[in-house]
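Worksheet: one structure, shown below.
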Amino acid sequence: MPSIDPSLPPKPPKPRSIAPLIAIVLICLAPVVLAFLAYYVPALGLRPDGQSNYGTLIEPQRPIPAASALALTTADGQPFDLHSLHGKWILVSADQGACPESCVKKLFILRNSHASQGKEVERLTRVWFVTDNAPIPAQVLAAYKGTIIVHADPKQLAAYLTPGAAAADAESALEKPMWIIDPLGNLMMQYPEQADPLKVRDDIKKLLARSSIG
Numbered sequence: 441m442p443s444i445d446p447s448l449p450p451k452p453p454k455p456r457s458i459a460p461l462i463a464i465v466l467i468c469l470a471p472v473v474l475a476f477l478a479y480y481v482p483a484l485g486l487r488p489d490g491q492s493n494y495g496t497l498i499e500p501q502r503p504i505p506a507a508s509a510l511a512l513t514t515a516d517g518q519p520f521d522l523h524s525l526h527g528k529w530i531l532v533s534a535d536q537g538a539c540p541e542s543c544v545k546k547l548f549i550l551r552n553s554h555a556s557q558g559k560e561v562e563r564l565t566r567v568w569f570v571t572d573n574a575p576i577p578a579q580v581l582a583a584y585k586g587t588i589i590v591h592a593d594p595k596q597l598a599a600y601l602t603p604g605a606a607a608a609d610a611e612s613a614l615e616k617p618m619w620i621i622d623p624l625g626n627l628m629m630q631y632p633e634q635a636d637p638l639k640v641r642d643d644i645k646k647l648l649a650r651s652s653i654g
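Residue numbering for the sequence shown follows our numbering, starting at 441 and increasing by one per position.
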């Protein structure tokens with residue numbers, strides 16, 4: 441066996457390859473990237489064929505209009521910018537100020553769906569677009585405290601929420617569905633008239649569980 445000359449300097453250790461670290465990072469990021477692409481780029485075909493959502497996905501998604509295209513005011517007449525809710529999942533309804541039974545049912549569904557999300561509840565907020573100047577009943581205001589109430593021109597609002605409706609039918613078209621706006625400001629889901637409260641709640645729960653935004 442050849443002897444080692446102690447006078448010779450020790451050989452420097454071989455540099456470690458960072459390839460394994462890069463591979464681990466890419467493996468961890470892959471599901472997040474694929475989920476993002478599946479959600480925001482449906483044309484790629486990454487979504488599963490058997491979608492389990494109850495609401496109807498809006499494609500293409502529609503961003504919140506500028507304040508000039510959708511003028512909103514609070515009960516005391518102050519302007520309200522929907523963009524101020526950026527970062528929240530927004531549960532949306534629209535109806536007359538008198539709030540008939542169908543209106544109350546929508547507010548009830550969205551309030552209960554919101555309240556039942558447990559530790560995720562802070563990721564959500566609720567908006568009721570009032571489409572006329574009728575006074576809102578005091579019992580409705582008391583029952584749905586916490587809902588952001590803003591007045592909107594029905595034609596401007598319909599151009600955003602129900603663009604396929606005729607201008608003459610704008611107000612009635614708004615009174616039937618409910619919607620969800622995602623934390624990036626995109627109108628992304630619509631619920632039908634007479635929606636099932638439990639299915640709406642479960643839909644929202646799945647949205648929050650699968651999304652890392654908001």
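We treat Cβ as the ideally placed atom computed from N, Cα and C, and that holds for glycine.
So is residue i buried or exposed if we call it buried at 16+ other beta carbons inside 10 Å?
i	result
Leu469	exposed
Asp643	buried
Pro575	exposed
Ala582	exposed
Thr496	exposed
Lys585	exposed
Arg650	exposed
His523	exposed
Can you grab the Cα-Cα spacing for the pair residue i / residue j, in whole Å?
i	j	result
Ile530	Thr587	10 Å
Pro632	Gly517	31 Å
Leu550	Val465	39 Å
Ile620	Ile458	43 Å
Ile504	Gln630	15 Å
Asp489	Leu564	Note that Asp489 has pLDDT 46, beneath the 50 cutoff, so the model's placement of it is unreliable and no number is given.
Asp572	Cys539	11 Å
Lys639	Ala610	27 Å
Glu615	Arg566	16 Å
Cys543	Ser652	31 Å
Pro519	Ala598	19 Å
Val590	Trp568	6 Å
Gln536	Pro594	10 Å
Pro617	Gln501	16 Å
Tyr494	Ala507	31 Å
Any idea which residues DSSP pairs residue i with across the strands?
i	result
Tyr584	Bridge partners of Tyr584: none, in fact.
Ala592	Leu512
Met629	Leu497, Ile620
So residue i packs on residue j, CB below 8 Å; how close in whole Å?
i	j	result
Gln546	Ser556	The sequence given here has Lys at residue 546, not Gln. Going by Cβ atoms, the distance from Lys546 to Ser556 rounds to 16 Å, so no, they are not a contact pair.
Next item on the list: List in chain order: all unbroken alpha helix (DSSP H) runs of 4+ residues lying wholly within the segment 490-575.
Entry: 541-555
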